[in-house]
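*Asks:* If you read the protein sequences in the order shown, they are chains X and B.
Residue 0 is where the first sequence starts when you use numbering that gives the first Met the number 0, and the numbers rise one by one after that.
Residue 0 is where the second sequence starts when you use numbering that gives the first Met the number 0, and the numbers rise one by one after that.
Protein chains: 2
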Amino acid sequence: MSQQLAVGIDIGGTNTVFGIVDRRGNILCDGKMSTKAHEEVTTFLEELHGHLSKLIEQVGGAANIKGIGVGAPNGNYYTGNIEYAPNLKWKGIIPLASMLQDLFNIPTLLTNDANAAAIGEMTYGAARGIRDFIMITLGTGVGSGIVANGQLIYGHDGFAGELGHIIVIPGGRLHPGTGAHGSLESYASATGVTNTAIEFLQTRTDDSILRNYPAEEINSKVIFDAAQKGDVLALEVYAYTGKVLGEALANFVMFSSPEAIILFGGLTKAGDLIMKPVREHMEKNLLPIFQNKVKLLFSELKESDAAILGASALAWEMKD
Amino acid sequence: MSQQLAVGIDIGGTNTVFGIVDRRGNILCDGKMSTKAHEEVTTFLEELHGHLSKLIEQVGGAANIKGIGVGAPNGNYYTGNIEYAPNLKWKGIIPLASMLQDLFNIPTLLTNDANAAAIGEMTYGAARGIRDFIMITLGTGVGSGIVANGQLIYGHDGFAGELGHIIVIPGGRLHPGTGAHGSLESYASATGVTNTAIEFLQTRTDDSILRNYPAEEINSKVIFDAAQKGDVLALEVYAYTGKVLGEALANFVMFSSPEAIILFGGLTKAGDLIMKPVREHMEKNLLPIFQNKVKLLFSELKESDAAILGASALAWEMKD
């Protein structure tokens, strides 16, 4: 039984993870290496080639591998290039898919990490059997992948689905990375939650556990712990974040009318603290024809596995 | 040569237009009747059947007709139903496509009017050959149709693409029809332009031709005429409307990354008065990877023909 395995590679600004996956989403073997240690993509690929070649041998050689899927920041599905990724050291346009394909002689597809997450969820996770959904990744930043009619929406240039950069509060909080004011990522990311807490601490006078920390030590973990202890200010940070995110989700629903929105990443660990206001404000802002229809789901993939699984799922979409 | 013609029917709150169209978008014959004169859909269909049967005879009978396409408010492509259309007298769910199919014994598809406009533009107009675009209709209201990968996005329930109801200014102007605050339709429609002018007249003190009119006589035509004469306040109404619309379009681009946005309807008659600020504020709010890529186009269909053409184009999408 040949070609029943896929390679998944997720390239992050700090680290790269990779693994070999079967059709059911079992990771047979995997590994990790530094991305940022490599000033040049060529030495990065040399190291990756060394690691991955060993894993491929372990599973019986390249004849068993259907394809390589890569999730990477600013990854363009159509061209296979990483284009001007702000958080990578390799500047300009990197033809990563064709470089990998040449190295391993295995067909390779590439997309951005949030699109890969959406395909992973459709293949192995919460979106199995769902033809219309939106994946939102709530981590350091906010990423997204949009699926309609069972297909990922790449847009005319391969860059569709940048929902983290949609302006939700015109003239709102500055996003230092993009210069935009009021984008979703400025509120619904780990950084956003931290900035909301700092703003609340500055503009309000009520007591809070968070006042015991200097501003530079406030982060999403500290805020979560305070909220768990019933700290009112911390709870209201989540309520506010949930309101902004819920209002944004309502707008997204009126765009593509998905059956489900699937949430993934650090912020989802706050559970009902964030999900209750998200749901409330999403429903409140929907036209009646959309109300009480959209499922809000959490990812069903283990966070540690999701990046490899999502990338690997690209391989199953390849034509034989 | 049989089945080379299609019937297009556009049902509006006031009137219904219908016609027979060839594959190149020539309207061979057409007609018009009142919608609102009919309290019941049954008498509406009787009258429509009478008119259309004659037209179908004129073109050689039903054997020449590939299908009937219908554009209707709250039209659901999947079910063929009109569902709870606020501006029609027929309440609840009306299975219009199957009723027409039974009457004429011709296959019938139905969708909402803005989706029909998008398909019309793709078949006969400015979107020929474009696989990813967004159609925005700027009339009394704001409608939209979204095409990705060459397919109209209907969403899981058939109601995708309600971009007029996306909230662009949270807490902004009340939309009396929906109760929402700050939806695009409250600003970028004929009514929106009128309300912006009335607000400007109330909150500003500068001279304006528009001050010669009582508030109830201010409308988009009066504002356009004043702007044409160089009236500063009227010009700023367009600048403001264009800003709100441009910011909304930037958000839409970051969703589906279309090759083009096609604008249709009354507001587009203001030409550069509106298009210059639209383009400026769209570009300003896009991430760099999206800038200077998206074409802003006007519809290429004559406004009087577009409704029939758009609806008729549904018929060419039917499987043989």
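Glycine included, C-beta positions come from ideal geometry on N, C-alpha and C.
Across which residues does DSSP place Ile-105 of chain X in a beta bridge pair?
*Replies:* The sequence position of residue 105 of chain X within the first sequence is 106, counting from 1. According to DSSP, which records beta bridges pairwise, Ile-105 of chain X is partnered with nothing at all.
*Asks:* Thinking C-beta only, is Val-243 of chain X closer than 8 Å to Tyr-186 of chain X?
*Replies:* Here residue 186 of chain X refers to the residue found at position 187 when the first sequence is read from its first residue. Here residue 243 of chain X refers to the residue found at position 244 when the first sequence is read from its first residue. Closer than 8 Å, so yes.
*Asks:* Starting from the Cα of Leu-266 of chain X, find the closest Cα among X:Phe-254, X:Thr-240, X:Glu-246 and give me that residue.
*Replies:* Working through the first sequence from its first residue, we reach residue 266 of chain X at position 267. Among X:Phe-254, X:Thr-240, X:Glu-246, the Cα nearest to that of Leu-266 of chain X belongs to X:Thr-240.
*Asks:* Can you tell me whether Phe-43 of chain B is helix, strand or coil according to DSSP?
*Replies:* Residue 43 of chain B sits at position 44 when you count from the first residue of the second sequence. In the structure shown, Phe-43 of chain B sits in a helix (DSSP, three-state: H, G or I).
*Asks:* Threshold first: 3 residues or longer. Then list the beta strand (DSSP E) segments lying entirely within the region 168 to 256 of chain X, N to C.
*Replies:* Qualifying beta strand (DSSP E) stretches: none in this window.
*Asks:* Let me check understanding here. Comparing Cα to Cα, which of X:Lys-35, X:Ile-67, X:Ala-117 lies closest to Leu-296 of chain X?
*Replies:* What you label residue 296 of chain X is simply residue 297 of the first sequence in a count that begins at 1. Closest option to Leu-296 of chain X, Cα to Cα, is X:Ala-117.
*Asks:* Identify which residue in X:Gln-227, X:Ile-133, X:Gly-66, X:Asp-131 has its Cα closest to the Cα of Phe-103 of chain X.
*Replies:* Stepping through the first sequence from its first residue, residue 103 of chain X is reached at position 104. Measuring from the Cα of Phe-103 of chain X, the nearest candidate turns out to be X:Gly-66.
*Asks:* Would you mind stating whether Leu-4 of chain B and Val-16 of chain B have Cβ atoms separated by less than 8 Å?
*Replies:* The count along the second sequence starts at 1 and reaches residue 4 of chain B at position 5. The count along the second sequence starts at 1 and reaches residue 16 of chain B at position 17. It is not a contact, given that the beta carbons lie outside the stated cut-off.
*Asks:* Please report the distance separating the alpha-carbon of Met-281 of chain B from that of Ser-182 of chain X.
*Replies:* One-based indexing of the second sequence puts residue 281 of chain B at position 282. One-based indexing of the first sequence puts residue 182 of chain X at position 183. Going by the C-alpha atoms only, they are around 14 Å apart.
*Asks:* Hey, out of X:Ala-306, X:Ile-10, X:Ile-55, X:Gln-290, whose CA is closest to Thr-136 of chain X's CA?
*Replies:* If you number the first sequence from 1, residue 136 of chain X lands on position 137. Thr-136 of chain X has its Cα closest to that of X:Ala-306, out of X:Ala-306, X:Ile-10, X:Ile-55, X:Gln-290.
*Asks:* Leaving out the 5 sequence neighbours to the left and right, which residues in its chain are closer than 6 Å to Pro-287 of chain X when beta-carbon positions are compared?
*Replies:* Taking the first sequence and counting its residues from 1, the one referred to as residue 287 of chain X is at position 288. The answer is none, since no qualifying residue turns up.
*Asks:* Using C-beta distances below 6 Å, list every residue in its chain close to Asn-75 of chain X, excluding the 5 sequence neighbours before and after it, in chain order.
*Replies:* Working through the first sequence from its first residue, we reach residue 75 of chain X at position 76. For Asn-75 of chain X, where only same-chain residues beyond five positions count, the Cβ hits under 6 Å are Glu-82, Gly-157.
*Asks:* Report the CB separation of Leu-95 of chain B from Ala-71 of chain B in whole angstroms; it is logged as a contact under 8 Å.
*Replies:* One-based indexing of the second sequence puts residue 95 of chain B at position 96. One-based indexing of the second sequence puts residue 71 of chain B at position 72. Yes, they are in contact, since the Cβ atoms of Leu-95 of chain B and Ala-71 of chain B sit about 6 Å apart, within 8 Å.
*Asks:* Using a Cβ distance threshold of 8 Å, determine whether the region 85 to 101 of chain B contacts the region 218 to 231 of chain B, with at least three qualifying pairs required.
*Replies:* No, they do not touch.
*Asks:* Near Pro-169 of chain B, which residues of its chain fall below 8 Å by C-beta distance, leaving aside the five closest residues on each side in sequence?
*Replies:* Numbered from its first residue, the second sequence carries residue 169 of chain B at position 170. Closer than 8 Å at Cβ, skipping near neighbours: His-180, Gly-181.
*Asks:* Kindly indicate if chain X contains any beta-carbon less than 8 Å away from that of Ser-188 of chain B.
*Replies:* Here residue 188 of chain B is taken as the residue at index 189 of the second sequence, counted from 1. Closer than 8 Å: no.
*Asks:* In this structure, how does DSSP classify Ala-310 of chain X when only helix, strand and coil are distinguished?
*Replies:* Taking the first residue of the first sequence as position 1, residue 310 of chain X is located at position 311. If DSSP states are grouped into helix, strand and coil, Ala-310 of chain X belongs with the helices.
*Asks:* Note the first and the last residue of the continuous beta strand (DSSP E) segment covering Ala-147 of chain X.
*Replies:* Taking the first residue of the first sequence as 1, we reach residue 147 of chain X at position 148. Where Ala-147 of chain X is concerned, the enclosing beta strand (DSSP E) stretches over 141 to 147.
*Asks:* What is the DSSP secondary structure of Gln-57 of chain X, counted as helix, strand or coil?
*Replies:* If you number the first sequence from 1, residue 57 of chain X lands on position 58. Correct three-state label for Gln-57 of chain X: helix.
*Asks:* Measure the CB-CB distance between Gly-264 of chain X and Gly-119 of chain X and report whether it falls below 8 Å.
*Replies:* In the first sequence, counting from the first residue as 1, residue 264 of chain X sits at position 265. In the first sequence, counting from the first residue as 1, residue 119 of chain X sits at position 120. Taking 8 Å as the Cβ cut-off, Gly-264 of chain X and Gly-119 of chain X do not qualify as a contacting pair.
*Asks:* What's the C-alpha gap between Asp-29 of chain X and Met-317 of chain B?
*Replies:* The sequence position of residue 29 of chain X within the first sequence is 30, counting from 1. The sequence position of residue 317 of chain B within the second sequence is 318, counting from 1. Spanning the two alpha carbons is a distance of roughly 48 Å.
*Asks:* Would you mind telling me which residues of chain X sit closer than 8 Å to Ala-222 of chain B, beta carbon to beta carbon, in chain order?
*Replies:* Position 223 of the second sequence, counted from the start, is the residue given in the question as residue 222 of chain B. Per the sequence shown, the amino acid found at residue 222 of chain B is Ile instead of Ala. Chain X residues near Ile-222 of chain B: none, gap ~23 Å exceeds 8 Å.
*Asks:* Would you decide whether Tyr-237 of chain X is buried or exposed? Buried here means 16 or more other CB atoms lie within 10 Å of its CB.
*Replies:* On the first sequence, position 238 is the one that residue 237 of chain X refers to. Buried: at least 16 other Cβ atoms inside 10 Å.
*Asks:* Should Ala-125 of chain X be flagged as near chain B, meaning a C-beta pair shorter than 8 Å?
*Replies:* Looking up residue 125 of chain X in the first sequence gives position 126. By this cut-off, Ala-125 of chain X is not an interface position.
*Asks:* I want to verify the contact list: residues of chain X whose CB lies under 9 Å from the CB of Thr-177 of chain B, in sequence order.
*Replies:* Position 178 of the second sequence holds residue 177 of chain B. Those are Leu-286, Pro-287, listed as they occur along chain X.
*Asks:* Please report the residue range of the alpha helix (DSSP H) in which Asn-114 of chain B lies.
*Replies:* Position 115 of the second sequence, counted from the first residue, corresponds to residue 114 of chain B. Looking at the DSSP string, the run of the alpha helix (DSSP H) that includes Asn-114 of chain B is 112 to 123.
*Asks:* What does Glu-161 of chain B reach in chain X if we use C-beta pairs closer than 7 Å?
*Replies:* The count along the second sequence starts at 1 and reaches residue 161 of chain B at position 162. Neighbours of Glu-161 of chain B on chain X, chain order: Met-253, Leu-286.
*Asks:* Can Thr-142 of chain B and Ala-189 of chain B be called in contact, C-beta distance under 8 Å?
*Replies:* Counted from its first residue, the second sequence places residue 142 of chain B at position 143. Counted from its first residue, the second sequence places residue 189 of chain B at position 190. Contrary to the premise, residue 142 of chain B reads as Gly rather than Thr in this sequence. Contact: no.
*Asks:* Does Tyr-77 of chain B pass the burial test, meaning 16 or more other C-beta atoms within 10 Å, or should it be called exposed?
*Replies:* Taking the second sequence and counting its residues from 1, the one referred to as residue 77 of chain B is at position 78. Exposed.
*Asks:* Look at Thr-110 of chain X and Leu-313 of chain X and say whether their C-beta atoms are less than 8 Å apart.
*Replies:* If you number the first sequence from 1, residue 110 of chain X lands on position 111. If you number the first sequence from 1, residue 313 of chain X lands on position 314. Yes, the Cβ-Cβ distance between Thr-110 of chain X and Leu-313 of chain X is below 8 Å.
*Asks:* If I measure Cβ to Cβ from Leu-108 of chain X and keep anything under 6 Å in the same chain, skipping five residues before and after, which residues do I get?
*Replies:* The sequence position of residue 108 of chain X within the first sequence is 109, counting from 1. The answer, listed in chain order, is Gly-68, Leu-313.
*Asks:* Measuring CA to CA, which of X:Gly-91, X:Leu-300, X:Val-277, X:Gly-12 is closest to Asn-250 of chain X?
*Replies:* Numbered from 1 along the first sequence, position 251 holds the residue referred to as residue 250 of chain X. Per the Cα distances, X:Val-277.
*Asks:* Can you say whether Asn-211 of chain X is buried or exposed, counting buried as having 16 or more other CB atoms within 10 angstroms of its CB?
*Replies:* The residue given as residue 211 of chain X occupies position 212 in the first sequence. Exposed is the call here.
*Asks:* Have a look at Ser-311 of chain X and Ser-52 of chain B and give me their C-alpha separation to the nearest angstrom.
*Replies:* Working through the first sequence from its first residue, we reach residue 311 of chain X at position 312. Working through the second sequence from its first residue, we reach residue 52 of chain B at position 53. Ser-311 of chain X and Ser-52 of chain B: Cα-Cα distance of roughly 57 Å.
*Asks:* Please report the residue range of the alpha helix (DSSP H) in which Ser-281 of chain X lies.
*Replies:* Within the first sequence, numbered from 1, the residue matching residue 281 of chain X stands at position 282. Per the sequence shown, the amino acid found at residue 281 of chain X is Met instead of Ser. 271 to 283 is the extent of the alpha helix (DSSP H) around Met-281 of chain X.
*Asks:* By the 10 Å Cβ neighbour count, where 16 or more other Cβ atoms means buried, how is Asp-325 of chain B classified, buried or exposed?
*Replies:* No answer is possible for residue 325 of chain B: it lies beyond the span of chain B, which begins at 0 and ends at 319.
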